[in-house]
Amino acid sequence: MRPQSTRTIYAGLALAALLGSGLAQAASSPFQLTGSTDSGPLAGTVFSGSFAYDASPVVGDFSGSVALQAFQLQFAGQTYDLASADAPATAMFEAGQFIGLDYTDADSADAGLRPWLSLVPSLTGQFADAYLAYQGADGLGGFGSYSISAVPEPGQWALLLGGLALVGVAGRRSR
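Residues -26 to -1, 1 to 149 in mature numbering (1 follows the signal peptide of the UniProt record, and there is no 0) are what the sequence shown lists, from first letter to last.
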């Protein structure tokens, strides 16, 4: 292997390590939330949103809540966010496992236009039991379930592309 190609590979590895170290220090955990209602007058209504929280307190068998840093949910044509919450919105954990979100907006002056809404964490310690509850102006309400997925951060994509580029360079140099 020529000295120039060795320097290129080492420079690439150093860049990947630098990008990776920034990711290891990132404490905010962004997620996507998607679901649908399965009962009540709005049965079949799809909802989606996103949220983030500081993951640094969630270590080991942590049980408790962590305040959400960001939250937005689209439901029944309305947007719910941290500003509309009736109390601090939190991510809930039991024994180190995420068990759902705790969020309530039940003070709309017109529940017919903007249904009252709550995201309720699991009471059994299993995320699968977390749910959404809503109530309209007529007093009728329903429930829904949701799932979450992590949002890849731009640095993760850069690290992946950088690694693929290094593999390509190494393969090309070995021919």
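Glycine included, C-beta positions come from ideal geometry on N, C-alpha and C. Just so you know, these numbers come straight off a predicted model, no measurement behind them.
Annotation for alanine 65: the continuous beta strand (DSSP E) segment containing it runs 64 to 68.
Fully enclosed beta strand (DSSP E) runs of no fewer than 3 residues occupy 90 to 94, 105 to 109 and 115 to 124 of the region 77 to 128, in order along the chain. Put simply, the backbone Cα of glutamine 43 is about 18 Å away from that of serine 92. Inter-residue distance for phenylalanine 25 and phenylalanine 45 is about 4 Å (C-alpha atoms, whole angstroms).
Distance between glycine 14 and leucine 56, taken at the CA atoms: about 25 Å. Shown here, leucine 56 sits in a helix according to DSSP, grouped into three states.
Per the Cβ contact rule, the region 59 to 69 is not in contact with the region 116 to 124 (fewer than 3 Cβ pairs under 8 Å). In this structure, the straight-line span from the alpha carbon of glycine 34 to that of tyrosine 77 is close to 24 Å. The closest CA to that of glycine 99, considering only Asp84, Ala59, Asp60 and Gly38, is found on Gly38. Taking a C-beta distance under 8 Å as the contact criterion, glycine 110 and alanine 85 qualify as a contact pair. Residue pairing from DSSP leaves glycine 14 without any beta-bridge partner. Burial state of leucine 97 is exposed, judged by a 10 Å Cβ sphere holding fewer than 16 other Cβ atoms.
Taking valine 125 as the centre and dropping the five residues before and after it, the same chain places the C-beta of Pro4, Phe5, Gln6 and Ser24 closer than 8 Å to its C-beta, in chain order.
The beta carbons of threonine 8 and serine 82 sit no closer together than 8 Å. Here the alpha carbons of alanine 65 and alanine 41 stand approximately 6 Å from one another.
Straight-line measurement puts the Cα of serine 2 at about 5 Å from the Cα of aspartate 28. Residue state for threonine 8 is assigned as strand, using DSSP reduced to three classes.
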